[in-house]
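Chemist: Take this structure, written in structure tokens, and hold onto it; I'll ask about it next.
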Amino acid sequence: MHQMNDLRRIDLNLLVILDALLSEQHVTRAAERLHLSQPAVSHALARLRDLLGDPLLVRGGAGLVPTPRALELMAPLAEALAQVQALLAPRGFDAATTQRRFRLAMSDYGAAIVLPGLIRTLRHEAPGIDLQISHGSSREGMLDAVLNGDVDVAVGVFPELPHELRSTPLFEEHYACLLDRDSLSLDGVLDLRSYLSRPHVLLEMRGSGTPEIERALTALRERRRVALSLPHWSVAPQLISGTDLILTVASRGLHDIDDHSLIIVPPPFQIPSFSFVLVWHTRRSGDQALNWLNERIVSASNQR
């Protein structure tokens, strides 16, 4: 009976506010995320502190810092809210009639791999679903966007995930080198000495695995000269033809290159492969439309 009385004191909205506060660690940002006033969120935090007998969030730096009790609550709270969302979600999701807009974060490379097949599927099976694509400035930025609810899912290379996020693998990727055919030696082999002596194009797409190349060279105590650094993929292959430049990138991005003056060869040193994954927040696990979209993203990624 005592437990039942405690449950009656807890408003489900308080748990939603607590989840936002623990994610944002800032009252104003939590209020903006929930479309509530700052005083309303502050009042809710005071009620939560009283109900749970813990400060939950204390002043620290530019925001609020979770207490040990709050850290214990984060994962089970997110899972509980996801279960409630699933319980209350409308049954019988129909892709053909659903009207939704989803926000996806991905690199230029990720878009090239995922979007062609995904868009064809949506236009055929779910014409009412619209997509808004954003280009994450970094892996951390894309994950923060998922945590904050600014995007629904992120696609990229994420070796480490916050415990509030879940992921599913899309494919395993490895590296290849693109260079002008006439600039390669007669035996068609790119050796390490030649690789290091030539200038390189660097794609600084932080969602596509680029740092792994530099780490592999550092392990060999070697460095390459970067003659050109680009933030996007689309123009890079056009810059290689007729030059001595080398482009080392994830191999799937080279599949559609139709230029006989270019050649694709393996790197002359070991670069670890990496997993390309789809990431979403646990609180969205009960969203049938998002689950459907995630399944289509997986299928589209395997079409390449």
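Take 1 as the starting number for the sequence shown in full-length UniProt numbering and just add one per residue. Ideal Cβ positions, reconstructed from N, Cα and C, are used throughout, including at glycine. All of these numbers come straight from a predicted model, not from anything done at the bench.
For Asp130, report the span of its beta strand (DSSP E) as first-last.
Modeler: Translated into positions along the sequence shown, residue 130 becomes position 130. Segment 129-134, the beta strand (DSSP E) holding Asp130.
Chemist: Does DSSP classify Arg223 as helix, strand or coil?
Modeler: As a first step, residue 223 is located in the sequence shown; it is residue number 223 there, counting from the start. Arg223: coil per DSSP, three-state reduction.
Chemist: So what does Met106 bridge to, in DSSP terms?
Modeler: Mapped onto the sequence shown, residue 106 falls at position 106. Answer is Val155, bridged to Met106.
Chemist: Where do the N-terminal and C-terminal ends of the beta strand (DSSP E) with Arg252 fall, by residue?
Modeler: On the sequence shown, position 252 is the one that residue 252 refers to. Unbroken run through Arg252: none, as it is neither H nor E.
Chemist: Under the DSSP definition of a beta bridge, which residues are partnered with Tyr175?
Modeler: As a first step, residue 175 is located in the sequence shown; it is residue number 175 there, counting from the start. Per DSSP, Ala250.
Chemist: Starting from the Cα of Ser251, find the closest Cα among Leu48, Thr243, Ser273 and give me that residue.
Modeler: Within the sequence shown, residue 251 is the residue found at index 251, counting from 1. Nearest C-alpha to Ser251: Ser273.
Chemist: Taking the Cβ atom as the reference point for each residue, do Val277 and Ala236 lie within a distance shorter than 7 Å?
Modeler: On the sequence shown, position 277 is the one that residue 277 refers to. On the sequence shown, position 236 is the one that residue 236 refers to. No, the Cβ-Cβ distance between Val277 and Ala236 is not below 7 Å.
Chemist: When the distance is taken between beta carbons, is Ala70 closer than 7 Å to Leu22?
Modeler: The sequence position of residue 22 within the sequence shown is 22, counting from 1. The sequence position of residue 70 within the sequence shown is 70, counting from 1. Their beta carbons are under 7 Å apart, which means Leu22 touches Ala70 by this criterion.
Chemist: Short of 6 Å in beta carbon distance, which residues of its chain neighbour Ser299, apart from the five on each side in sequence? Order them along the chain.
Modeler: Numbered from its first residue, the sequence shown carries residue 299 at position 299. Excluding sequence neighbours, Ser299 sits near nothing in its chain.
Chemist: Excluding the 5 residues preceding and the 5 following Gln3 in the sequence, name in chain order all residues of the same chain whose CB lies nearer than 6 Å to its CB.
Modeler: Within the sequence shown, the letter at position 3 stands for residue 3. Only weak support is given to the placement of Gln3: the predicted model assigns it a pLDDT of 38, under 50, and the question is left unresolved by the model.
Chemist: Which same chain residues, not among the five before or five after Thr67, have their C-beta less than 8 Å away from its C-beta?
Modeler: On the sequence shown, residue 67 is found 67 positions in, with the first residue counted as 1. The residues are Asp54, Pro55, Leu56, Leu57, Val58.
Chemist: From Ser185 to Asp244, what does the alpha carbon distance come to, in whole angstroms?
Modeler: Taking the sequence shown and counting its residues from 1, one reaches residue 185 at position 185. Taking the sequence shown and counting its residues from 1, one reaches residue 244 at position 244. If you take the alpha carbons of Ser185 and Asp244, they lie about 12 Å apart.
Chemist: Just the C-alpha distance for Ala126 and Val155, rounded to the nearest angstrom, thanks.
Modeler: In the sequence shown, residue 126 corresponds to position 126, counting from 1. In the sequence shown, residue 155 corresponds to position 155, counting from 1. Using only the alpha carbons, I get a separation of about 21 Å.
Chemist: Pick out the complete alpha helix (DSSP H) segments inside the stretch 20-80, 4 residues or longer, and give them in chain order.
Modeler: If we require 4 residues or more, the alpha helix (DSSP H) runs fully inside the stretch 20-80 come out as 27-34, 38-52.
Chemist: For the stretch 211-226 against the stretch 191-201, are there 3 or more C-beta pairs whose distance is under 8 Å?
Modeler: Taking 8 Å as the limit for Cβ pairs, the verdict is that the stretch 191-201 does touch the stretch 211-226.
Chemist: Relative to the alpha-carbon of Val84, which residue among Asn13, Ser42, Pro268 has its alpha-carbon at the smallest distance?
Modeler: Position 84 of the sequence shown, counting from 1, holds the residue named residue 84. For the residues Asn13, Ser42, Pro268, the minimum Cα distance to Val84 belongs to Asn13.
Chemist: Taking only three categories from DSSP, how would you classify Trp280?
Modeler: Against the sequence shown, residue 280 aligns to sequence position 280. Trp280: strand per DSSP, three-state reduction.
Chemist: What span of residues does the alpha helix (DSSP H) with Ile297 cover, start to end?
Modeler: In the sequence shown, residue 297 corresponds to position 297, counting from 1. Taken as a continuous stretch (DSSP letters only), the alpha helix (DSSP H) holding Ile297 covers 288-301.
Chemist: Drop a sphere of 10 angstroms on the beta-carbon of Asn302, count the other beta-carbons inside from all chains shown, and report buried for 16 or more, exposed for fewer.
Modeler: Here the question's residue 302 lines up with position 302 in the sequence shown. By the 10 Å Cβ count, Asn302 comes out exposed.
Chemist: On the CB-based measure, 16 or more other CB atoms within 10 Å of its CB, does Asp152 come out buried or exposed?
Modeler: Position 152 of the sequence shown holds residue 152. Counting Cβ neighbours within 10 Å, Asp152 comes out buried, since at least 16 surround it.
Chemist: Rounding to the nearest angstrom, what Cα-Cα distance links Arg193 and Ala145 in this structure?
Modeler: Here residue 193 refers to the residue found at position 193 of the sequence shown. Here residue 145 refers to the residue found at position 145 of the sequence shown. Each residue's Cα considered, the two are about 42 Å apart.
Chemist: With 16 as the cutoff for other CB atoms within 10 Å, does Ile297 come out buried or exposed?
Modeler: What you label residue 297 is simply residue 297 of the sequence shown in a count that begins at 1. Looking at its Cβ environment, which holds 16 or more other Cβ atoms inside 10 Å, Ile297 is buried.
Chemist: How would you call Gly110, buried or exposed, if buried means at least 16 neighbouring beta carbons within 10 angstroms?
Modeler: Indexing the sequence shown from 1 puts residue 110 at position 110. The residue in question, Gly110, is buried, as its Cβ has 16 or more Cβ neighbours within 10 Å.
Chemist: Report the option in Leu290, Ile263, Leu161 whose CA atom is closest to the CA atom of Glu140.
Modeler: If you number the sequence shown from 1, residue 140 lands on position 140. Of Leu290, Ile263, Leu161, the residue nearest in Cα terms is Leu161.
Chemist: According to DSSP, simplified to helix, strand and coil, what is Arg166?
Modeler: Your numbering for residue 166 matches position 166 in the sequence shown. Strand at Arg166.
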